[in-house]
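2 protein chains.
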Amino acid sequence: VGAEPLPSWNDGPAKAAILEFVAAVSDPGGDDHVPEAERIAVIDNDGTLWCERPAYVQALFLGERLREQVQADPALGERAVTRALLAGDLHAALACGLGELSDVLLATHAGLTTEEFAGVAAAWLARAPHPRFGRPCSELVYAPMLELLDLLRASGFGVFIVTGGGVEFVRAASERLYGVGPDDVVGSAVEVGFERRDGRVVLVRQAKLKGSPNEGVPKVINIQAHIGRRPIFAAGNSAGDREMLDFATTGPHRSLGIVIDHDDEEREYAYAGESMTDPSAEAIADSAARAGWTVVSMRDEWRRVFADPPG
Amino acid sequence: VGAEPLPSWNDGPAKAAILEFVAAVSDPGGDDHVPEAERIAVIDNDGTLWCERPAYVQALFLGERLREQVQADPALGERAVTRALLAGDLHAALACGLGELSDVLLATHAGLTTEEFAGVAAAWLARAPHPRFGRPCSELVYAPMLELLDLLRASGFGVFIVTGGGVEFVRAASERLYGVGPDDVVGSAVEVGFERRDGRVVLVRQAKLKGSPNEGVPKVINIQAHIGRRPIFAAGNSAGDREMLDFATTGPHRSLGIVIDHDDEEREYAYAGESMTDPSAEAIADSAARAGWTVVSMRDEWRRVFADPPG
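Order-wise, the sequence lines are chains Z and P.
Here the first sequence stands for residues 100 to 410, where the numbers follow this note's numbering.
Here the second sequence stands for residues 100 to 410, where the numbers follow this note's numbering.
And the structure:
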């Protein structure tokens, strides 16, 4: 972080709130000082760090593999959940039940070892183009958010990604895109089986979700399980981030919650952030207004949206 | 790490193997070089970093609270598992079944928030004296292992504790004792409930284990879940560490597994490391001989055993 932090942010209320908060908690003589070990930041991924429209990046990844599987096994294509998925209608797919949905989605990569999966995901991420912007999906990362991660790290924060996406999928890109190592990613997980293959211990992906998707209350429980401390900073963009924001902003220390508002149809998309698993959950904008979280208008607060491709 | 690493280690085969391994994987021009991000070390806690005899430190902690509860509720004291626990007979307690055992053990702190529990555990750890050595249990940390952690960190390793003990219990001491933050501790876990108390989101401990104890195969599964990478260094002392050592030492990179042999009755204890949950598991010394792991004789290889109290 040089002389001018957050260069891709306009001089608006969000930038001011972030700079003031970071300065306050890291000023050793100030009333709001927080010891460095307790400066924990948790950041959602889809729609907060990278573009999640017209579909979650991971849904595009799974959809491509599912299409291949349907060609080999037409009966799979007859299932309602498969039809909904291939039509890109996540709501219809969810209406088939989370069990049915995760059955089909997780079967796409069942049988691969975790190491094989990481290779497949990284290769796909580097090539698959976004349907609107043409660039690889994994390059549609928000430049202002990368600057925010840098500012937090330079101010002694531990920065964690807490995603509803699959933890191993996001890990396949997190170091390269965000400078966040695999051990600092918390996400949804699949069951794995312990096997020995050719003398090596490997872990083999099963077609079964491990616990609940990492959305809503599970985000909080998984933050505690993984990080072991209450965060003082949280950023999200959907109703699935509400409990995480609530956890971060109701602790004993000074805290800040921010919510990205996708109101920029021209440069990105305009939509309200819904919970992935609970469409009836309170709109995140309403939660933010009630709780005093800082809403970031993408249109007004961001000087530019997408970062340059990683080097 | 100054000019002379591992000063508490005698110039024996274990010290030589460690120094050679660390130098080889961190030499950028060498054949065995491992990129820094993949230099992951996983270290068991009980019997590997601190003394686990005559009883696990956590068993002493839980036993003290259980005694208080029995005074308030004599019926609790009539249960076979309680009697075994209060007699310090973990085998008899385990014979009552892991469900029954964890029921009673986890009820000792059910209802506390994770933050309250951290305070209770830290306070106990700082005061409770070890029955033989008089000093607080948490001061019976092995000086040679602290030096090893320092050497690993100075050589670009990410150092993680992977313990059969309760993750929140070990976290209450890990930063102070080992310089390992709570997010770098992987352990057994209890279920927690999401609640709002006085306007704050809190997580409340339940009297229920979350998944399996972190021993044996679960150690490997939890390493992947938490760290997201295969380690290249592992240290343990019991049959419950076998699979973790196997995972670390059967990957594509150069690796090292070490096993602490408690053969020093005079300065510490002499015993063979058994699995906590499976007394019939192969002795770790036999696994080590077969797999080529480096066995560390406490008596012969360590110049001193216990570190000075943390400052």
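All residues carry an ideal CB built from backbone N, CA and C; glycine is no exception.
- Residue nearest to residue 360/P within the set 338/P, 293/P, 297/P, 379/P is 338/P (criterion: CA-CA distance).
- When the five nearest sequence neighbours on each side are left out, the beta carbons in the same chain lying within less than 7 Å of the beta carbon of residue 343/P are those of 141, 261, 318, 319, 322, 333, 335, in order along the chain.
- When only Cα atoms are considered, residue 225/Z and residue 235/Z end up about 6 Å apart.
- According to the DSSP assignment, residue 288/P belongs to the beta strand (DSSP E) that extends over 284-296.
- For a Cβ distance threshold of 7 Å, residue set 291, 293, 302 of chain P lies close to residue 320/Z, ordered along the chain.
- For residue 286/Z, the number of other beta carbons within 10 angstroms of its own is at least 16, and it is reported as buried.
- If you keep only unbroken alpha helix (DSSP H) runs of at least 4 residues inside the segment 308-354 of chain Z, you get 316-326, 341-347.
- Burial of residue 250/P is indicated by the presence of at least 16 other C-beta atoms within 10 angstroms of its C-beta.
- Under the three-state reduction of DSSP output, residue 208/P falls in the coil class, being neither helix nor strand.
- Identification of chain Z residues near residue 121/P by a Cβ-Cβ cut-off of 8 Å yields none; the smallest Cβ-Cβ distance measures about 20 Å.
- With a cutoff of 7 Å on beta-carbon distance, residue 304/Z and residue 209/Z are scored as near each other.
- For the 7 Å CB-CB criterion, residue 131/P and residue 124/P form a contact.
- In terms of beta-carbon proximity, residue 345/Z lines the interface with chain P, with at least one pair separated by less than 7 Å.
- In the structure shown, the three-state DSSP call for residue 105/Z is coil.
- The closest CA to that of residue 299/P, considering only 161/Z, 346/Z, 366/Z, is found on 346/Z.
- Look at residue 247/Z here: in three-state DSSP terms it is helix.
- The beta-bridge partner set that DSSP reports for residue 273/Z is empty.
- A Cβ of chain Z is located within less than 7 Å of the beta carbon of residue 282/P.
- Residue 323/Z has a beta carbon lying within less than 7 Å of a beta carbon in chain P.
- The continuous beta strand (DSSP E) containing residue 262/P extends over residues 257-265.
- Judged by beta-carbon spacing, residue 183/P lies beyond the 7 Å limit of residue 171/P, meaning their Cβ atoms are not closer than that value.
- Proximity of residue 296/Z to chain P, defined by a Cβ-Cβ separation below 7 Å, is not satisfied.
- Within chain Z, the residues 293 have their CB atoms less than 7 Å from the CB of residue 316/P, given in chain order.
- Rounded to whole angstroms, the gap between the alpha carbons of residue 143/Z and residue 229/P is 44 Å.
- Rounded to the nearest angstrom, the gap between the Cα atoms of residue 312/Z and residue 288/Z is 8 Å.
- Ranking 173/P, 252/P, 284/P by CA distance to the CA of residue 105/P puts 252/P first.
- At a C-beta separation below 8 Å, residue 328/Z has these neighbours in chain P: 281, 282.
- Boundaries of the beta strand (DSSP E) harbouring residue 140/P: 139-142, taken from the DSSP string.
- Counted as a single uninterrupted DSSP element, the stretch harbouring residue 396/Z is not any alpha helix (DSSP H) but the beta strand (DSSP E) occupying residues 393-396.
- With a threshold of 7 Å between beta carbons, residue 299/Z makes contact with chain P.
- Of all residues in the segment 347-361 of chain Z, those with a C-beta nearer than 8 Å to a C-beta of chain P are 349, 350, reading in chain order.
- Using a CB distance below 8 Å, the part of the segment 251-268 of chain Z facing chain P consists of 257, 259, 266, 267, ordered along the chain.
- If you look at residue 385/P, you'll find it in the alpha helix (DSSP H) that goes 383-390.
- With 16 or more other Cβ atoms from the protein chains shown falling within 10 Å of its own Cβ, residue 341/Z counts as buried.
- Its chain contains 301, 302, 303 as the residues whose beta carbon lies nearer than 7 Å to that of residue 212/P, once the 5 sequence neighbours on both sides are disregarded; these appear in chain order.
- Using a Cβ-Cβ cut-off of 7 Å, residue 389/Z does not count as an interface residue toward chain P, since no Cβ of chain P sits closer than that to its own.
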